[in-house]
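Have a look at the structure below before the remarks.
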Amino acid sequence: MEDDQWIFLSGEFVQKNEAKISVYDHGFLYGDGVFEGIRAYNGNIYRLNEHLVRLYESAKSIMLDIPYDFENMKELIAETVRKNGLRDAYVRVVVSRGVGNLGLDPKSCGTAQVVVIAEELALFPKELYETGLEIVSVATRRNRPDVLSPKVKSLNYLNNILVKMEANLANVPEALMMNNEGYVAEGSGDNIFLVKDKVLYTPPGYVGALEGITREAIIEIAEEEGYTIKEEPFTRHDVYVADEVFLTGTAAEVIAVVKVDGRVINDGMPGPETAYITRCFREKVATDGMQIYAQEAEIGG
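Quick note, the sequence shown lines up with residues 9 to 309 if you use the numbering used here.
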């Protein structure tokens, strides 16, 4: 219930229905800000350090000063999860430029605004993790990396939203976007991996793919398990003829794709390599990160 959900809003915890920002906030007016989506599994905030490194790097890239240092931000996130009594949660950290005037100039803004939200979230229905997704490729192209780097996780997500809208029109849960050269970049909110002859392929950042935290975790897991991983450009043809296809993301975790643009991937069921990598991933999420309940941290340490 909304009355039971606490949100951290620039210095204090407030109830959800009291969490309000000014219409003059440049995050609202212009999408001027950065964010991170983070997961907690059984009281462990997964790869919190890695997420915050990306948050602070995104902020530095757009010359946005976050009014809390790294360690304080970690504790704010942990306390938001604890205050809501959650063990498994999706955490959204938003840093906006703050309140300014109606002009574009960020110099009119005061202190940046920090919002931390924690709640339960399931991006896809549970059954789709067992049967796999059908997806389509769409006309909307990925923003050019030389115009706006995909390494900046900014509040302006209109490019991704347009992709999601095309997925909705096609009545599928996710879609693939290409870059302006026709190479596969990513989904509306997920990275993509192909498996071909037991080699894993994923698009490199320079084609427009966000170098996702879960993506990096999967690459590390695959290397530990002896897979060959290649970060190189590929086209829709490569997707169609892959042995397996899966998506990764903080919200999506790891989920198989079994049909793309009407082409059935292999036998139309989630493949063995995807299943194995998923099991390895799930073994790590409860320990790789920051344990936020003190008693368990003492027992584990």
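Where a beta carbon is used, it is the ideal one built from N, C-alpha and C, also for glycine.
8 angstroms contact criterion, which residue i and residue j should meet: CB distance rounded
i	j	result
ASN199	GLY220	5 angstroms
ALA48	VAL89	5 angstroms
GLU44	LYS161	6 angstroms
LYS82	LEU63	Not confirmed; about 11 angstroms, so no contact.
ALA120	ASP73	6 angstroms
PRO278	GLY140	5 angstroms
SER104	ASP205	The Cβ separation is near 46 angstroms, so there is no contact.
VAL253	LEU218	No, VAL253 and LEU218 are not in contact; Cβ-Cβ is about 18 angstroms, not under 8 angstroms.
Among the options, nearest to residue i - alpha-carbon criterion
i	options	result
MET71	GLU83, GLY106, ALA193 and THR282	GLY106
CYS117	HIS245, TYR301, SER69 and SER30	SER30
VAL155	ASN187, MET298 and VAL253	ASN187
GLN299	GLY41, GLU87 and VAL22	GLU87
ASN25	ASP246, GLY270, ILE125 and GLU174	ILE125
ARG244	ALA130, ILE273, ASN92 and ASP96	ILE273
GLU224	SER157, GLY190, PHE289 and ASP113	PHE289
GLY297	GLY108, ARG55, ASP12 and VAL42	ARG55
PRO153	PRO133, ALA130, PHE132 and GLU189	GLU189
VAL293	ILE53, SER69 and TYR248	ILE53
Residue(s) in a DSSP beta bridge with residue i
i	result
LYS238	TYR209
ARG62	None; ARG62 has no bridge partner.
LEU94	DSSP output for LEU94 lists no bridge partner at all.
VAL253	LEU202 and VAL265
GLU20	LEU17
GLY297	TYR54
ASP40	According to DSSP, ASP40 bridges with nothing at all.
ARG271	VAL268
Residue i vs residue j beta-carbon contact at 8 angstroms
i	j	result
TYR235	GLY51	no
VAL180	GLU142	yes
GLU127	TYR98	yes
THR282	GLU239	no
GLY257	THR286	no
ASN176	ARG150	no
ILE46	VAL101	yes
SER145	LEU84	no
TYR137	ILE226	no
VAL123	PHE36	no
LEU163	VAL42	yes
ALA260	LEU94	no
Residue i beta carbon near the ligand SAM (any heavy atom closer than 7 angstroms)
i	result
VAL160	Within the structure as shown, the ligand SAM is missing, as the structure has no ligands at all.
Tell me the start and end of each unbroken beta strand (DSSP E) in the region 42–88 that is at least 3 residues and wholly inside, in chain order. 52–54
Segments assigned alpha helix (DSSP H), at least 4 residues, entirely inside the region 164–216: 166–177
Please give the ranges of any alpha helix (DSSP H) in the region 109–173, keeping only runs that are unbroken, at least 4 residues long and fully inside the region. 134–139
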